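One structure is given below, encoded as structure tokens.
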Amino acid sequence: MVSSPVLSVPRSASTAWWGMLLLVATEAALFAVLIASYFYLRFHADGGWPPEGIGDPKLVRASLMTSVLLASSVPMALAEAGIARGDRRRLRAGLAASFGLGALFLGLQALEYREQLRELRPQTDAYGSLVYTITGAHAAHVALGLALLAWLQLRAWLGAYGPRRHVAVQVIALYWHFVTLASTVVFATVYLSPRV
Amino acid sequence: MAAIAEQPVERLESSWEEPGGLVTWLATVDHKRIGVRYLVTAFAFFVVAGVEALVLRVQLAVPRNGLVGPALYDQLFTLHGVTMIFLFATPMLAGFGNFFVPLMIGARDMAFPRLNAFSYWIFLASGLFIYAGLPFSAAPNDGWFNYVPLASAEYTPGLNIDFYGFGLLFLAVSTTAGAVNFIVTILKLRAPGMSINRMPLFVWAVLTTSFALVFALPSLSTANLLLELERKHGFHFFDAGAGGDALLWQHLFWIFGHPDVYIIFLPAVGIVSTIVPVFSRRPIVGYTAVALSTVLTGILGFGVWVHHMFAVGLPQISMGFFAAASLLIAIPSGVQVFAWIATLLRGRPVLQTPLLFVLGFVVVFVVGGLTGVMFASVPFDQQITDSYFVVAHFHYVLFGGAVFPIFAALHFWLPKITGRLLSERLGKASFWLMFAGFNLAFFPMHVSGLLGMPRRVYTYPAGLGWDAANLLSTVGAFALALGILLVVVNVAWSRKRGPWAGADPWGGDSLEWAIPSPPRPYNFPVVPLVRSAHPNWDRADREEDARRAGQAELVLAEGHQTLATTVLDGEADDVLHMPEESLWPFVLALTLSVLFAGLLLDLPLVATAGGVMALGALAGWHLPRAEDEDEDEAW
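This is the structure in structure tokens:
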């Protein structure tokens, strides 16, 4: 049996990774419940969906937004792979690229809201409430993710991470991939499903 | 490790002992101190909920009583339910989990000690938040499941429901953090050799419950989020006039609410599975079957929520499905009950207070289970829904299924927490008073319910045949309260004069009995090695631990260290450096309180300030610690 406190490299994932996985699981359940509420009210709606007088959601900008956010997972994965090999420059570059794409997503979301609000407000009816609650909840998750990426970038500049010491990068990457994947579900629900 | 100035155990003492003083009191991360705080706070809420119940019972003792009017009565029964479910049952079991899960798996703390402290502070803050409206007659008043449209702004204006909505959202932060902490602790911090099929059954129960919380709580939180968006900001989810649907609330609430019944019940069952073998002097019969039944109950609990809604007019086919699932869940519950009975029959039961409470639980719970099976039949349910029969049923299930096991656990584990034994004579007297009082209080409600008395009425006219049943219930409630008071007296006596318990007063089989009572701050002087599901009955292994402690093998005395193991097999994997005391969890809880107060009172600036300060506190929390920097160089 080992008597020294330093064992070899651990075989299984860190406690922090497990903690984030469970946080992601509970957040995924939250989105699942929001989306189930959307379809529950849709199938109980008399009349059309979207209701009379409200146009179908427009696809062009929304597909661009979703693609931008999905794409931001790539540099995040490259950043993580980079620091695993000790490449700190690649870590910083990847984090910066992900942050830029995430910020672009939020900018496009703001434009989208500005246009949407002309014909549909959260207070208009249940349809409007659902659309803004679901997309708003997702945008809030993106905003929190950006704050986390900024924190990582700051710590990376201070040289906090190395090849065997970057649990924070792994954990926040996991969160970020969840947020980008969730955008596809939000897109399918809010933008595609009314056309089906 | 060559030059050791101090003995390893002395180094453990000096690095784990927390200094005294107010700052440490606010900053502690010791799972045992936090566990005791959970227990004390939850018990205080239990006393408050009990007083509320006594006021309700006095009001109902005789027809046309005028002690409290309808407005106060509504707040009292709502607070009673909310408190018992959210502020007593779950946190009380979390308290036992906090104190005992790390001890039972041979760890030195929870996986995330500061998150653990944070969970406690949020629990305390959200509990006070929910009660803050009571002095202004603004406490929640639409029942613990808070149905819309009654709970909509139109029919319940004022802040009453907002205390409920925001309070439960706030509390969910604590519960979620606690559940994640339990899961990771149990999966990663078990002593080497404790593979997943050797975990104590209480730990299985906490694990199942925590997973259920991770997936069920978002439904309650979403319901409350939608409710508050509707009440405060004019959104539409539940009002039919604007495309909403009131039944959405019921679905969301019960998708959480029924798993929550098992979230409360399963740890209680785990307590029973812990106590029965110890007092029968033999391993539990069917360990694997009991563990799997625990997990299966947790899963099936997600498929039965509609049985709370049989009377709202749903399609027959879906009611058929949920009725079948509700009957199915009797199977894993039955497996466990038979395993306990078989263990008792095959062993030599010692009738001490903890076992008495367990037997009381079995009797009461089986009665509650019988009426539960009756409810699974849709036509019967539709006849007696919202009557006192329901009140009788769920008190048999929840008081029997949770409160009796909690009192069993209190008598079983308090000697480990305080180091002193309770009085057996007082313990037995309090059990019989509680058992008799409980049945006297709640059995007559079956009768008044069948005779048509609706629940939640603040008074009733004479001559409907309900008078005798109600008077008996009130007498029973006071006998029950007296029994609980005796327990408090017993605890107070034990704290001052109870005989010393020693490490293992009951001959327990799990690891918490291998260490002194009360445990030292580092729990285990040496990481224990486990070879069976009953490690404390493996004498040779424990003697081996003591030998290794003497030779400084696996003592891990370099600061706050504990061992991480692999998830399934429990093989030694990594040495973790645990954080020490920190004020940030307390500060973060304070900033979140500001945030929620701002949301409640429609003060966007206050809420924003609270949110920004919370982000700052999070950053402070994650500032690197000195020992991390040292380790960096080592890498």
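The listed protein sequences derive, respectively, from chains A and B.
Under our numbering, think of the first position of the first sequence as 66, with each following residue one higher.
Under our numbering, think of the first position of the second sequence as 497, with each following residue one higher.
We treat Cβ as the ideally placed atom computed from N, Cα and C, and that holds for glycine.
Since we're looking at a predicted model, the values are computed, not measured.
How long is the line joining the alpha carbons of Leu630/B and Tyr569/B, rounded to whole angstroms?
Roughly 12 angstroms between the two C-alpha positions.
Starting from Leu156/A, find everything on chain E with Cβ-Cβ shorter than 9 angstroms and list it in chain order.
Protein chains A and B are contained in the structure displayed, whereas chain E is not.
Of all the CB atoms in chain B, is at least one closer than 7 angstroms to the CB of Thr245/A?
Chain B contact via Cβ: absent.
Give, in chain order, every residue of the segment 1066-1078 of chain B whose Cβ lies closer than 9 angstroms to some Cβ of chain A.
Residues passing the 9 angstroms Cβ filter: Glu1067, Ala1068, Asp1069, Asp1070, Val1071 and Leu1072.
Supposed close pair Ala1085/B, Trp521/B - CB separation, criterion 8 angstroms:
The beta-carbon separation of Ala1085/B and Trp521/B, rounded to 14 angstroms, does not stay under the 8 angstroms limit for a contact.
Counting Cβ pairs, one atom from each stretch, are 3 or more of them under 8 angstroms apart for the segment 1044-1064 of chain B and the segment 508-522 of chain B?
Cβ pair count under 8 angstroms is three or more, so yes.
Please check the pair Met815/B and Val874/B, which I expect to be a contact at CB under 8 angstroms, by giving their CB distance rounded to whole angstroms.
Rounded, the Cβ-Cβ distance is 5 angstroms, consistent with contact.
Taking Cβ positions, are Tyr758/B and Thr793/B nearer each other than 7 angstroms?
Tyr758/B places its beta carbon less than 7 angstroms from that of Thr793/B.
Tell me the start and end of each unbroken beta strand (DSSP E) in the segment 683-753 of chain B that is at least 3 residues and wholly inside, in chain order.
Within the segment 683-753 of chain B, no complete beta strand (DSSP E) segment of 3 residues or longer occurs.
Does any residue of chain A bring its CB to less than 7 angstroms from the CB of Ala1036/B?
Ala1036/B does not count as touching chain A.
Below 7 angstroms on C-beta distance, what does His109/A contact in chain B?
For a Cβ distance threshold of 7 angstroms, residue set Asp741 of chain B lies close to His109/A, ordered along the chain.
Buried versus exposed, by CB contacts within 10 Å (16 or more), Pro1024/B
Counting the other Cβ atoms within 10 Å of the Cβ of Pro1024/B gives 16 or more, which makes it buried.
In three-state DSSP terms, what is Arg1044/B?
Three-state DSSP puts Arg1044/B in a helix.
Whose CA, out of Ala1093/B, Gly896/B, Leu978/B and Asp1005/B, lies closest to the CA of Leu550/B?
Among Ala1093/B, Gly896/B, Leu978/B and Asp1005/B, the Cα nearest to that of Leu550/B is on Leu978/B.
Taking 7 angstroms as the threshold (beta carbon to beta carbon), is Ala161/A in contact with chain B?
Cβ-Cβ to chain B under 7 angstroms: no for Ala161/A.
Cutting at 6 angstroms between CB atoms, please list the residues of its own chain near Leu143/A, excluding the five before and the five after it.
Taking Leu143/A as the centre and dropping the five residues before and after it, the same chain places the C-beta of Gly159 closer than 6 angstroms to its C-beta, in chain order.
Trp82/A - DSSP class collapsed to helix/strand/coil
Helix.
Measure the Cβ-Cβ separation of Leu298/A and Ile237/A and say whether it is below 7 angstroms.
In this structure chain A extends from 66 to 261, so residue 298/A is not present and cannot be described.
Under 7 angstroms, do Pro636/B and Asn612/B count as touching if we go by C-beta distance?
Result no, Cβ atoms of Pro636/B and Asn612/B do not sit closer than 7 angstroms.
State yes or no: is the beta carbon of Val710/B nearer than 7 angstroms to at least one beta carbon in chain A?
Output row for Val710/B: interface = yes.
If we count the other Cβ atoms within 10 Å of its Cβ and call it buried at 16 or more, is Asp1126/B buried or exposed?
Interpretation of Asp1126/B is limited by its pLDDT of 45, a score under 50 that renders its predicted location unreliable; no figure is taken from the coordinates.
Which of helix, strand or coil does DSSP assign to Gly224/A?
Three-state DSSP puts Gly224/A in coil, outside helix and strand.
Against Tyr105/A, what residues of chain B qualify as contacts under a CB-to-CB distance less than 8 angstroms, listed in chain order?
Asp741, Leu744 and His747, listed in chain order.
DSSP-derived helix/strand/coil call for Ala1130/B
Residue placement at Ala1130/B is poorly supported in this model, since its pLDDT is 35, which falls under 50; the coordinates still yield a value, given next. Note: Ala1130/B maps to helix in three-state DSSP.
Please classify Ser883/B: does DSSP put it in a helix, a strand, or coil?
In the three-state DSSP reduction, Ser883/B falls in the strand class (E or B).
Quick check: what's the CA-CA separation for Ala146/A versus Thr249/A?
When rounded, the distance between both Cα atoms is 24 angstroms.
Does the Cβ-Cβ distance between Glu1040/B and Ala523/B come in under 7 angstroms?
No, these two residues do not count as a Cβ contact at 7 angstroms.
What number of angstroms, rounded off, separates the C-alpha of Val833/B from the C-alpha of Ala101/A?
Looking at the two C-alpha atoms, the distance is approximately 36 angstroms.
Spatial distance of Leu257/A from Trp222/A (CA atoms):
For Leu257/A and Trp222/A, the distance between alpha carbons rounds to 41 angstroms.
Cβ-based contacts, 7 angstroms cut-off: residues of the segment 1053-1067 of chain B near chain A
When C-beta distances to chain A are compared with 7 angstroms, the residues of the segment 1053-1067 of chain B below that value are Glu1054, Gln1057, Ala1060, Thr1062 and Val1063, in chain order.
Paired residues, beta bridge with Leu847/B - DSSP
Partner(s): none; Leu847/B has no beta bridge.
Roughly how many angstroms lie between the CA atoms of Val791/B and Gly120/A, to the nearest whole one?
Going by C-alpha positions, Val791/B is about 47 angstroms away from Gly120/A.
Restricting to Cα atoms, I'd like to know which of Gly797/B, Gly517/B and Leu535/B is closest to Leu910/B.
The shortest C-alpha separation from Leu910/B is found at Leu535/B.
Give me, in chain order, the residues of the same chain whose beta-carbon lies closer than 7 angstroms to that of His203/A; leave out the 5 immediate sequence neighbours on both sides.
Residues of the same chain with a CB within less than 7 angstroms of the CB of His203/A, apart from the 5 flanking positions on each side, are Ala247, Ser248 and Val251 in chain order.
In three-state DSSP terms, what is Val1071/B?
Looking at Val1071/B - three-state DSSP - the assignment turns out to be strand.
Just confirm the distance between the C-beta atoms of Leu744/B and Phe733/B, as a whole number of angstroms; I'd bet it's less than 8 angstroms.
The Cβ separation is near 6 angstroms, so the contact holds.
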